[in-house]
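Before any comments, here is the structure.
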Amino acid sequence: LNLYLTELTTIFHNQITNPALSPITIQALRILLGSTLPTVVEKSFNTQISAAELLSSGLLTGQIVGLDLTYMQMVIKIELPTLTVQPATQIIDLATISAFINNQEVMAQLPTRVIVTGSLIQAYPASQCTITPNTVYCRYNDAQVLSDDTMACLQGNLTRCTFSPVVGSFLTRFVLFNGIVYANCRSMLCKCMQPAAVILQPSSSPVTVIDMYKCVSLQLDNLRFTITQLANVTYNSTIKLETSQILPIDPLDISQNLAAVNKSLSDALQHLAQSDTYLSAIT
1 LNLYLTELTT
11 IFHNQITNPA
21 LSPITIQALR
31 ILLGSTLPTV
41 VEKSFNTQIS
51 AAELLSSGLL
61 TGQIVGLDLT
71 YMQMVIKIEL
81 PTLTVQPATQ
91 IIDLATISAF
101 INNQEVMAQL
111 PTRVIVTGSL
121 IQAYPASQCT
131 ITPNTVYCRY
141 NDAQVLSDDT
151 MACLQGNLTR
161 CTFSPVVGSF
171 LTRFVLFNGI
181 VYANCRSMLC
191 KCMQPAAVIL
201 QPSSSPVTVI
211 DMYKCVSLQL
221 DNLRFTITQL
231 ANVTYNSTIK
241 LETSQILPID
251 PLDISQNLAA
261 VNKSLSDALQ
271 HLAQSDTYLS
281 AIT
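The opening residue of the sequence shown carries number 1 in UniProt numbering; numbering runs sequentially from there.
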């Protein structure tokens with residue numbers, strides 16, 4: 001009896017207090033249907049997405065819609081979403097770290113997530129999406145058009161990228177990808193424990209690529225990592241930016257820049273007025 005009561009409260013604990021509005025979770029449905037649930041899911045969806053992937057999405061829910069106390073029967077409605085697969089499409093999360101360029105710490109201004117369909121790249125917030133390890137389920141496509149400069153920047157043309165100067169301690173200064181560490185070692189301590197050495201980043205290098213050839217046991221500030229992979233990609237180690245590529249985004253910096261622009265405009269107007277005076281004197 002205790003086991004039955006435990007199972008009953010596990011499945012319907014939310015519905016006990018509010019049966020009309022509280023949905024039954026996929027975990028509860030799994031207990032109700034047992035091993036037949038994956039089969040039910042696979043039969044209900046005409047898709048190549050696995051049943052495990054669909055179940056982990058949390059999109060399948062149940063709702064109590066009927067109760068017969070005479071025969072002790074309960075009617076549960078299972079809500080199954082309608083899925084439309086968008087082929088040849090990838091959603092990529094972008095990790096942006098700070099870099100040391102032109103003797104200052106800067107951060108590239110890029111979207112945090114993009115959707116790639118063929119050669120088309122768009123920003124993709126996915127604010128209304130459910131994300132699983134292999135699939136993204138969205139109610140609608142909220143892709144946003146990127147500017148030509150941002151598109152070119154994402155495709156590797158650094159002269160079209162826009163950066164902003166950053167100051168502070170709570171910045172993302174390193175990232176791990178496929179067992180390789182990419183770090184801004186000019187703005188943080190990069191210390192190799194094996195072999196013992198401090199990793200120095202030249203002023204001409206925006207970031208430092210650290211693989212097992214350079215360091216096996218790495219310490220970044222207070223974090224320690226073991227590196228077991230070799231980098232199989234080479235990068236341009238020298239990057240120079242035009243002054244126009246570094247734009248402030250802090251309100252105070254923007255206000256200072258606007259004040260400087262206004263002063264330049266005032267000076268230009270004075271020079272124009274002086275030029276008019278000289279021209280009038282000549283004529």
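C-beta: ideal position from N, C-alpha, C; glycine also.
>> Per DSSP, what are the beta-bridge partners of Ser119 in this structure?
In response: Answer is none; Ser119 lacks a bridge partner.
> What are the residues that DSSP puts in a beta bridge with Asn137?
Replying inline: The sequence shown places Tyr at residue 137, not Asn. Per DSSP, Thr130.
>> Along the chain, where does the alpha helix (DSSP H) containing Gln27 start, and where does it finish?
In response: 26 to 33
> DSSP on Ser266, reduced to helix/strand/coil?
Replying inline: helix
>> Taking its Cβ as the centre, do 16 or more other Cβ atoms sit within 10 Å of Phe100, making it buried, or is it exposed?
In response: buried
>> Just to confirm before moving on: does the CB-CB distance between Ile92 and Ala126 stay below 8 Å?
In response: no
>> Per the DSSP calculation, Val175 is bridged to which residue(s)?
In response: Tyr182
>> Ser164 and Gln109 - do their beta-carbons sit closer together than 8 Å?
In response: yes
>> Could you tell me the alpha carbon to alpha carbon distance between Ile64 and Val166, rounded to whole angstroms?
In response: 54 Å
> What whole-angstrom Cβ distance do Gly179 and Thr112 have, given they're in contact under 8 Å?
Replying inline: Gly179 to Thr112, Cβ: 23 Å. No contact.
> CB Gln194 to CB Ser217, shorter than 8 Å?
Replying inline: yes
> So which of Val136, Thr96, Val41 has the shortest CA-CA distance to Val207?
Replying inline: Thr96
>> Whole angstroms are fine: how far does the CA of Lys43 sit from the CA of Gln245?
In response: 54 Å
>> Just to confirm before moving on: does the CB-CB distance between Gly62 and Ile78 stay below 8 Å?
In response: yes
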